Amino acid sequence: MPSASFKDELLAEIRNLRAFAISLSGSVSLADDLVQESLLRAWSNSEKFQPGTSLRAWLFTILRNIYYSNYRKRSREVQDSDGLYARRLTVPGDQESHLDLEDFRQAMTKLPAEQREVLTLIGASGLSYEEAAVVCQVGIGTIKSRLSRARAKLVELLELDEASHPPVERKVRRAG
Amino acid sequence: MNATRTNKVEALDIAAPDPKAVEAIGRALEAHYASLVQAPLPDKLVELLTRLERDRVSPPPRRPDALG
Numbered sequence: 492m493p494s495a496s497f498k499d500e501l502l503a504e505i506r507n508l509r510a511f512a513i514s515l516s517g518s519v520s521l522a523d524d525l526v527q528e529s530l531l532r533a534w535s536n537s538e539k540f541q542p543g544t545s546l547r548a549w550l551f552t553i554l555r556n557i558y559y560s561n562y563r564k565r566s567r568e569v570q571d572s573d574g575l576y577a578r579r580l581t582v583p584g585d586q587e588s589h590l591d592l593e594d595f596r597q598a599m600t601k602l603p604a605e606q607r608e609v610l611t612l613i614g615a616s617g618l619s620y621e622e623a624a625v626v627c628q629v630g631i632g633t634i635k636s637r638l639s640r641a642r643a644k645l646v647e648l649l650e651l652d653e654a655s656h657p658p659v660e661r662k663v664r665r666a667g
Numbered sequence: 120m121n122a123t124r125t126n127k128v129e130a131l132d133i134a135a136p137d138p139k140a141v142e143a144i145g146r147a148l149e150a151h152y153a154s155l156v157q158a159p160l161p162d163k164l165v166e167l168l169t170r171l172e173r174d175r176v177s178p179p180p181r182r183p184d185a186l187g
């Protein structure tokens, strides 16, 4: 039976769990179903969680397993995350550049799922390489490789590669 | 024979991108993820946990009609 604090611990992770689910599936409605199923499974298997380890990583592992078992095919048919974003935003850069967030989101959807998930786990959700390796059930070397490939692919898709594209055509727009 | 050895680790055969481009991607990724984390949460997810917790404290009684 889950401990008294387990509900609060899950509650604290729901937003991150949902963000990961949306990133993985590209669909808000599928993500909500995924999170619901993951919470139920986590609740009924709470004794399998090892205290002292990352609850977030454990929940991500559960959600990812459910996704690849039951949802991946459906997610290709339902891509409705666009409605979540009310307006186009730009991401402030350093003193000279910024990146259009909608361009970035579009580029993310073009990455293979295994690259997108690693980029999200390491670059945004705060997991370590070791935790991401456990979540994705691969070695740390593969995590690093997928991360590098994801970044390189985004650089290509967003035309951020200065060597191959003249600055005027690049998505990073020079300010001033 | 000089067969290529297949490694379990996917080969790292790509050139490192421009550090400034990687930085821009990192910032965009964080902003994208933050917008997902901050998006309104459907009530049904929080309600699910509330229901599970309530059932843990006082499990729902068996329905009398289940006994026939």
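Protein chains in written order, with my numbering: chain X, 492 to 667; chain C, 120 to 187. Beta carbons are placed, not taken as given, at the ideal position from N, Cα and C, and that holds for glycine. These numbers come from a predicted model, not from an experiment.
From the beta-carbon of Q527(X), the residues of chain C found nearer than 8 Å are K163, L164, L167.
Cβ-Cβ separation between L508(X) and V519(X): approximately 13 Å, too far for a contact (criterion under 8 Å).
Annotation note: the region 514 to 575 of chain X contains the following uninterrupted alpha helix (DSSP H) runs of length 4 or greater, listed N- to C-terminal: 519 to 535, 546 to 557, 563 to 568. Shown here for S516(X): same chain residues with a beta carbon closer than 7 Å to its own, the five before and five after excluded, namely A522, L525, Y558, Y562, S566 in chain order. Interface with chain C (9 Å Cβ-Cβ cutoff): G517(X) is excluded. For K601(X), there is no enclosing alpha helix (DSSP H), as DSSP marks it with neither H nor E.
Only exposed fits M492(X), as fewer than 16 other CB atoms lie within 10 angstroms of its CB.
Collapsing the DSSP output to three states places D162(C) in a helix. Judged by DSSP in its simplified three-state form, L590(X) adopts strand.
In the DSSP assignment, E142(C) falls within the alpha helix (DSSP H) that extends over 138 to 156. The residues V626, in chain order, have a CB closer than 6 Å to that of T552(X) in the same chain once the five nearest residues on each side in sequence are set aside. The region 527 to 541 of chain X makes no contact with the region 611 to 631 of chain X: fewer than 3 CB pairs, one atom from each, lie closer than 8 Å. Interface annotation for the region 535 to 559 of chain X against chain C: empty, criterion Cβ-Cβ distance under 8 Å.
Where L651(X) is concerned, there is no enclosing alpha helix (DSSP H), because DSSP gives it neither an H nor an E. Short of 6 Å from the beta carbon of L610(X), and not among the five residues preceding or following it, lie these beta carbons of its own chain, in chain order: A641. In the three-state reduction of the DSSP assignment, V625(X) falls in the helix class, which pools H, G and I. Assignment of S496(X) by DSSP, reduced to helix, strand and coil, places it in the coil class.
Chain order gives the chain C residues near R642(X) as P136, V141, I144, where near means a beta carbon separation below 7 Å. At least 9 Å separates the beta-carbon of L171(C) from that of F595(X). Check the Cα spacing between I505(X) and each of A495(X), L531(X), S494(X): the tightest is with L531(X). With respect to L649(X), R146(C) sits apart: the two C-beta atoms are not nearer than 9 Å.
At a cut-off of 9 Å between beta carbons, S177(C) makes no contact with chain X.
S636(X) carries a helical assignment under DSSP once its states are collapsed to helix, strand and coil. Here E622(X) really is in contact with S545(X); their C-beta atoms are around 5 Å apart, less than 8 Å.
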